[in-house]
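Each remark here refers to the structure printed beneath this line.
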Amino acid sequence: MEMVNIKINNIPLEVEKGTKILEAAKKIHIDIPHLCYHPDQKVKAHCRICCVEVAGNRRLLAACSTEVWEGMEIHTDTQIVRDTQVGILQLILANHEQNCLTCARNQNCDLQRLCSRFNILKSNLPDVCDHLPVQDTNPSIVRDPSKCIKCGRCVRACKDVQGVCALTYAGRSDSISVTTAYNKPLEETDCILCGQCSIVCPTGAIVEKDDTQKVLDVLQDPKKHVIVQVAPSVRVALGDDFKLGQGTIVTGQMVAALKMLGFDRVFDTNFGADMTIMEEGAELLDRIQHGGKLPMITSCSPGWVNYMEKHYGDFTAHLSSAKSPQQIFGAISKTYYPKQAGIDPKNIVTVSIMPCTAKKAEAARPEMGRDGMQDVDIVLTTRELTKLIKYVGLNFENLEPAEFDSPLGSGSGAAVIFGTTGGVMEAALRTVYEKVTGKELKSVDFKDVRGFQGIKEATVKLGSQEIKVAIAHTLVNAKKVMEAIKAGTCDYTFIEIMACPGGCIGGGGQPIDTTMDIKKLRMDSLYDIDKNNTIRKSHENPDIQTVYKDFLGEPLSEKAHELLHTHYHKVKKQHDFSYLKPEEIYSI
Amino acid sequence: MSKSVNFITRNFGKYDVSSIGSYMNIGGFDALKKAVTMTGEDIAATIAEAKIKGRGGAAYDMGRKWAQAKAVVAEKKVIICNADEGEPCTFKDRALIEKDPFNLIEGMIIAGYTVDAQDGYIYMREEYSHLRPLLLNAIRQAKTYGFLGTNILGKGFNFNIHLYSGAGAYVCGEGTALIRSLEGKAGRPRMKPPFIKQSGLFARPTCVNNVESLAIVAPLLLDDKKEYLSYGSGESIGTKLVSVGGNVNTPGVFEIPFGTTVREIVYDMAGGIKGDHTIRLIQFGGASGKIASSRILDTPYTYDDLKKAGVTVGSGAILVVDDRTSVLNFLRTTQAFFSHESCGQCTPCREGNRHIKLILEKLAANTHRNEDITALKKIVKLMAMSSLCGLGESAENALLSAMQQFPDVFEVK
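Sequence lines, in order, name chains C and B.
All the letters of the first sequence, read from the start, carry residue numbers 1 to 588 under the working numbering.
All the letters of the second sequence, read from the start, carry residue numbers 1001 to 1413 under the working numbering.
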């Protein structure tokens, strides 16, 4: 590995050739300010606030995009550098809706942090902000264009991670904007509400739809029996917001906090996940044995389902009809649970805590409920749970750990790994293997399906039969799989697809500042929870067995179909270019 | 008494621009025939010897550029002719295309041969659409005669030329924006690296040259008598096309030997100032160029002398503004141009242009205060120091030089 010698503020250091100035400075603990730079994204060099002085250069160089060279002398804190940093901040502020006190990202905003760091007490520049209206017409994502600093992080996430390109730059000069095609609301575009834009936005320009007040209100209503379910990936991400160390397992504190918030019962989405495996596994076997549509593709990720419905509407039959863990839990919480607990289902409010913005839209789908009730009433993201915990003033770090309530609070190790890419596949294989062979699976770890590789493949022996399975995360990778299916070249039997990078641990509702490094820690923690769980297969969860015995009968029974399965349908694309000739499409 | 010369413009009016035969009758493609007997390195060295600097505005050493392009190892390389000529008051490239299209084609083929490129792209500004048939005809005829296509002149060299129109954005004259536009993307500059010479059009090593730069190539290769080297001196050897406009009697394109004084250009060639007006200011090199007072008239037009006088050659434009226009109103017009043409990606240029425009409006209304001038100076410096591309870097050149040359304009009364 070739090394080069450089000096930063006269401090000599040796770094790998190809290192960018910004990364090199990090090695000696200098944080060069940046806004458009994101460690998981291609360098854009748009915001220019990272500009530094390099000896021999007439102009300042962007630290995010400039590679170091042998003998480079860098200065990060000369007068001209400081003037530039402050000047750029002032320019941004003059065109920024400065209602920080009532902003969703208050105290969690890169721009705010930089203004604080550079002690921007006032700006002499006039307010040139257009004060455009907030766009909050969908259940998941709110856009506030007046807070956009045009850094392009969301554009990159939408294009490079998801390949959706719902967000793009339009216009030029001071009327440039980050917007959708024809400036339509997100839900009328190709957007799949995954929220990856919201997690990379440095300001409050793209945020989750805030439903915390709804939860605070129902918790104050004595007539309501409010229960909450928490998705597997939340317990390894929530700690980030409370300085507990990234990826720390905070299940106990999280449950304690939810109880102190006043939820009548604190349950686990893992229960729903185990049940999803029962249904999805049975469905897979049914499809294999009875010539059903293959490959079957998981449908736990609502961002992915939205993508399928909008972009591959003719292929929705490939989706498993089993509902997602959130929705299965919701259905049970409004049927089996009230019967068991002797409560009128009309008085039950089911709240879920999800790593995901698209889950809000999933819960709002009209088919997800019965008798005028939705199965899940309110969905909060991990970020919103943080806000609730802060709202009631809990000292989260020091809470005495508490346990989930019974009976919907139990989950196997297989369920908890739903939170990472590859987890649903592994959970399904553990159960399907035993169902097919009737033998006990000795080694439950399917290492081939783990890790961050974009598309993973494995061949699994189910008794006498071998099946090929695949796991894809991010929609750029999902698209590759779908194109293979479309072309008829796909020989997989079962495919797991998650919309977000890394799966739910990288969900669009997770704490801001989620990077690939942090997702790795979260992934490791989920596998640790699984490893330490005494029950590691969904079908061995005793509470699941009880629900089937007392209520549902068998997987895929009529009752199970009614409550735990759904159907997906083609959604007409808003921008249909099929009327164009191929060469014209190419020119768009 | 006009001192203009005919070296680059030697063919102007000498042949029928729609006929390759007519061009060949006056020695057309002789330079290419000579070039293919030379190595690429030798051709680049010939260019370097004449100290030709890129004629688009950046004034990068052209011989060096070609030598670098030749040295890059790649399966496919690209030559681009930048005919976006978007700098206001610059119209020399138009004259070169209009009056000698085959010479440009020949220059491009030689460029392709020199650097081992297979494709050449002419990116011509949309406003020159009327010249498309002329160029397309020239390309077609060159192909028919075997100067384009495969195995050119039996040397196993393959080269084709493609003509593309811009969509009207000034910033597309910037190399990376031009390439994005050619690729069918929005014409906005990108950061460097990767540099165009390593990864340009369709990620291929790319050598971008201005029309005038390419137009010099053929006459230079045939210049056995070293006529070109006899003009000018020092770093400014040879001749240069200037386009003179504004309040002069006979605006136009003139080929001057380097060293001609500004006075000779403005008065002898462009016919002097209209009516009995006096010169308020002269802007050199287009809207992104600096301005000077009439004190510059006796400065020789060379890279070094102009630099000493506080301006640059830039695009070769010379805009003469008489006393009917105030310095401030001139600056406001220039500012309006940049406020319109900024691509909007980077903060300094997007927001800086917006605020400078507002401050200039205050100056015009005479409501400015000391802090406005302070802010103006800060923003101008910030844009020059930290913008993403050359547009933001140079947008305030006129303003910056006006602050030095005409300080009274910015006084707070």
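Backbone N, C-alpha and C fix where the C-beta goes; we use that ideal spot for every residue, glycine too.
Requested in this report: Rank B:L1360, B:V1380, B:A1050 and B:A1402 by C-alpha distance to the C-alpha of B:G1392 and give the top, closest one.
Outcome: B:V1380
**Report entry** C:H565 Cβ short of 7 Å to the ligand ATP heavy atom set
**Finding:** This structure lacks the ligand ATP, and indeed carries no ligand of any kind.
Query raised in the report: By the 10 Å Cβ neighbour count, where 16 or more other Cβ atoms means buried, how is B:D1042 classified, buried or exposed?
Result: exposed
Query raised in the report: Can you find a CB in chain C that lies within less than 8 Å of the CB of B:C1389?
Result: no
Query raised in the report: Do you know offhand how far B:F1159's Cα is from B:K1092's?
Result: 26 Å
Query raised in the report: Would C:I120 count as contacting chain B if we go by Cβ distances under 8 Å?
Result: no
Query raised in the report: Straight-line CA distance for B:T1312 to B:S1293?
Result: 14 Å
Query raised in the report: Does any C-beta atom of chain B lie closer than 8 Å to the C-beta of C:S65?
Result: yes
Requested in this report: Step through the CB atoms of chain C and report whether any lies within less than 8 Å of the CB of B:K1378.
Outcome: yes
Query raised in the report: Whole beta strand (DSSP E) runs in the stretch 302–351 of chain C with 3 or more residues, listed along the chain?
Result: none
Requested in this report: Provide the residue span of the beta strand (DSSP E) that contains C:H29, from first to last.
Outcome: Run containing C:H29: none; DSSP gives neither H nor E here.
Report task. Pair every Cβ in the stretch 470–481 of chain C with every Cβ in the stretch 294–308 of chain C, then say whether three or more of these pairs are closer than 8 Å. Result -> yes
Query raised in the report: Leaving out the 5 sequence neighbours to the left and right, which residues in its chain are closer than 7 Å to B:D1305 when beta-carbon positions are compared?
Result: T1299
Report task. Inspect the beta-carbon positions of C:D190 and C:V164 and report whether they are closer than 8 Å. Result -> yes
**Report entry** Coil, strand or helix - C:G18 by DSSP
**Finding:** coil
Query raised in the report: Secondary structure at B:F1284, three-state DSSP: helix, strand or coil?
Result: strand
Query - Burial state of B:H1130 (16 or more Cβ within 10 Å) - result: exposed
Report task. Look at the alpha carbon of C:I585 and the alpha carbon of C:T179, and state the distance between them as a whole number of angstroms. Result -> For C:I585, the predicted model reports a pLDDT of 47, less than 50, meaning its position is unreliable; a value from the coordinates is still stated below. Approximately 21 Å, taken between the alpha carbons.
Query raised in the report: Mapping DSSP to helix, strand and coil, what is C:L13?
Result: strand
Query raised in the report: Are C:T431 and C:K559 closer than 8 Å when you measure CB to CB?
Result: no
Query raised in the report: Would B:D1084 pass as a contact of B:L1178 if the rule is Cβ separation under 8 Å?
Result: yes
Requested in this report: Out of B:L1153, B:N1210 and B:Y1145, state which residue places its alpha-carbon closest to the alpha-carbon of B:E1174.
Outcome: Nearest of B:L1153, B:N1210 and B:Y1145 to B:E1174, Cα basis: B:N1210.
Query raised in the report: Can you name the residues of chain B whose CB is closer than 8 Å to the CB of C:N57?
Result: Near C:N57 there are no residues of chain B at all, since even the closest Cβ is about 10 Å away, more than 8 Å.
Query - Residue of C:E426, C:R383 and C:D528 minimising C-alpha distance to C:Q207 - result: Here the sequence assigns Val to residue 207 of chain C, which means Gln is not the residue at that position. The shortest C-alpha separation from C:V207 is found at C:R383.
Requested in this report: Determine, using beta carbons only, whether C:H565 and C:K323 come nearer to each other than 8 Å.
Outcome: yes
Query raised in the report: Terminal residues of the continuous beta strand (DSSP E) containing C:R143?
Result: I141 to R143
Report task. Output yes if chain C places a C-beta closer than 8 Å to the C-beta of B:T1333; else output no. Result -> no
Query raised in the report: Beta-carbon separation of C:P39 and C:T515 under 8 Å?
Result: yes
**Report entry** Listed by chain order, chain C residues near B:A1186 by CB distance under 8 Å
**Finding:** Y169
Query - Three-state secondary structure assigned by DSSP to B:C1207 - result: Residue state, collapsed to three classes: strand.
Query raised in the report: How would you call B:A1365, buried or exposed, if buried means at least 16 neighbouring beta carbons within 10 angstroms?
Result: exposed
Query raised in the report: Applying a beta-carbon distance threshold of less than 8 Å, which residues of chain C neighbour B:G1355?
Result: As written in the sequence, residue 1355 of chain B is His, which differs from the Gly given in the question. Correct list: L91, A94, L125, P126 and V128.
Query raised in the report: Does C:C197 have its Cβ less than 8 Å from a Cβ in chain B?
Result: Chain B, which has no Cβ nearer than 8 Å to the Cβ of C:C197, makes this no.
Report task. Go ahead and pull the three-state DSSP assignment for B:M1001. Result -> Confidence in B:M1001 is poor, its pLDDT being 43 and thus under 50, which makes the residue's placement too unreliable to answer from.
Query raised in the report: For the stretch 459–491 of chain C, which residues have a beta carbon sitting closer than 9 Å to at least one beta carbon of chain B?
Result: none
Query raised in the report: Taking all protein chains shown into account, do 16 or more other C-beta atoms lie within 10 angstroms of the C-beta of B:G1275, making it buried, or fewer, making it exposed?
Result: exposed
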